[in-house]
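Residue numbers (this note's numbering): 2 to 320.
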């Protein structure tokens, strides 16, 4: 039974678990939404996606896209930040009470451009093609990860630091003091498969080489965590969600012969919450993906009667 895999202790940490994402309503049409402790809240009925979530002064702030335009929602009220160009908000953050938004827009020629938006103004991070994927802060400094001109990079206060000499991607970013961590991948100069891992202050560290796909990272209590998936070739070809803590790779709990993947991580003290998906739904005998998270590697499923995806997880203390 599915219920056997629900973690009944999921709320015992005195936190509310918020997840941004979308539910599929028809073919390739999605509705942006978020879940709060398993209860879904639909943000839009037109095509839309929610990519990141946080809480600021009691308000739920969500970044994403609405009918192809970059936007964010504040307690469900939508604000499009560029009506003239297609694009998407990838990540949101708050510094000194000000919302910072990063992502990509497409110029008049259809080229993707990385941007940062704050205090009502959007600025391009580069004249090259690319995207901005995540944001972090240290003191007054603003750090944004992404890709520029096909190379993994990050920007510190708008100045670019190139991470890969060859084709690469920068995904999640975390900053602790003067240490800058960027999850990502790059293709070796001799070609072949991408190597996945993270850069720490510009040095690439690859705990699992090219055996895994890594999408995000977190830093907690001095440890670096990477989350993603690994293809397993057993009875069937399946993806299995993985969490790598320093050099220890953990295959996250699954409920039998289904594919899983991990996409984000958050912490409450030493307790780890890993967001992901599993192929565990069925309509008319057709399998579909559902949202889940693992609390210290115990699977907790988010109820859904249709395909759903989760993009980011945020823990809000319960007072």
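For every residue, glycine included, the Cβ atom is placed at its ideal position computed from N, Cα and C.
Out of 111, 124, 214, which one is the CA nearest neighbour of residue 158?
124 is the residue among 111, 124, 214 whose C-alpha sits nearest the C-alpha of residue 158.
Within the continuous beta strand (DSSP E) that includes residue 149, where are the two ends?
Run containing residue 149: 142–149, per the beta strand (DSSP E) assignment.
Which residues does DSSP pair with residue 294 in a beta bridge?
Beta-bridge annotation (DSSP): residue 294 is paired with 276, 301.
Using alpha carbons as the reference points, say which of 154, 202, 244, 195 lies closest to residue 219.
244
Assess contact between the segment 109–119 and the segment 164–171, defined as three or more Cβ pairs (one per stretch) separated by less than 8 Å. Is contact present?
Touching, no, given that fewer than three Cβ pairs across the two stretches are closer than 8 Å.
Buried or exposed: residue 4, going by 16 or more other Cβ atoms within 10 Å of its Cβ?
Annotation note: pLDDT 23 at residue 4 (below 50); position unreliable, coordinate value reported separately. Its Cβ having fewer than 16 others within 10 Å, residue 4 is exposed.
Tell me which residue opens and which closes the beta strand (DSSP E) that residue 209 is part of.
That residue, residue 209, is in no beta strand (DSSP E); it is neither H nor E in DSSP.
Can you tell me whether residue 233 is buried or exposed? The criterion is at least 16 other CB atoms within 10 Å of its CB, across all chains shown.
exposed
How big is the Cα-Cα spacing for residue 298 and residue 242?
If you draw a straight line from the Cα of residue 298 to the Cα of residue 242, it comes to about 10 Å.
Would you decide whether residue 40 is buried or exposed? Buried here means 16 or more other CB atoms lie within 10 Å of its CB.
exposed
Only counting the same chain, and skipping five residues up and downstream in sequence, which positions put a Cβ closer than 6 Å to that of residue 156?
126, 145
Mapping DSSP to helix, strand and coil, what is residue 262?
In this structure, residue 262 counts as strand in the three-state DSSP scheme.
For residue 188, which three-state DSSP category applies?
coil
Do you know how far the Cα of residue 85 is from the Cα of residue 250?
44 Å
Going straight from the alpha carbon of residue 17 to that of residue 257, what length do you get?
28 Å
According to DSSP, is residue 114 part of a helix, a strand, or is it coil?
strand
Quick one: residues in its chain with C-beta nearer than 7 Å to the C-beta of residue 6, no 5 flanking neighbours on either side, listed in chain order?
With a pLDDT of only 29 at residue 6, under the threshold of 50, the placement of this residue in the model should not be trusted, and no figure is reported.
Cα separation between residue 175 and residue 289?
Straight-line Cα distance between these residues: approximately 32 Å.
Buried or exposed for residue 1, going by 16 or more other Cβ atoms inside 10 Å?
The question about residue 1 has no answer here: the residues shown for the chain are numbered 2 through 320.
Taking DSSP as the reference, what is the three-state secondary structure of residue 382?
No answer is possible for residue 382: the residues shown for the chain start at 2 and end at 320.
Over the uninterrupted beta strand (DSSP E) stretch that includes residue 42, give me the two end residues.
40–43
Please classify residue 194: is it buried, with 16 or more other beta-carbons within 10 angstroms of its beta-carbon, or exposed?
exposed
With a threshold of 16 other CB atoms inside 10 Å of the CB of residue 71, please say whether the residue is buried or exposed.
With 16 or more other Cβ atoms within 10 Å, it is buried.
List the residues that DSSP assigns as beta-bridge partners of residue 137.
144
Distance check for residue 240 and residue 62, CA to CA, integer angstroms please.
Those two C-alpha atoms are separated by around 31 Å.
If you check the beta carbons only, do residue 44 and residue 93 fall under 8 Å apart?
no
Please list the terminal residues of the continuous beta strand (DSSP E) segment that includes residue 101.
Per DSSP, residue 101 belongs to the beta strand (DSSP E) from 99–107.
Please report how far the alpha carbon of residue 228 lies from the alpha carbon of residue 276, in whole angstroms.
9 Å
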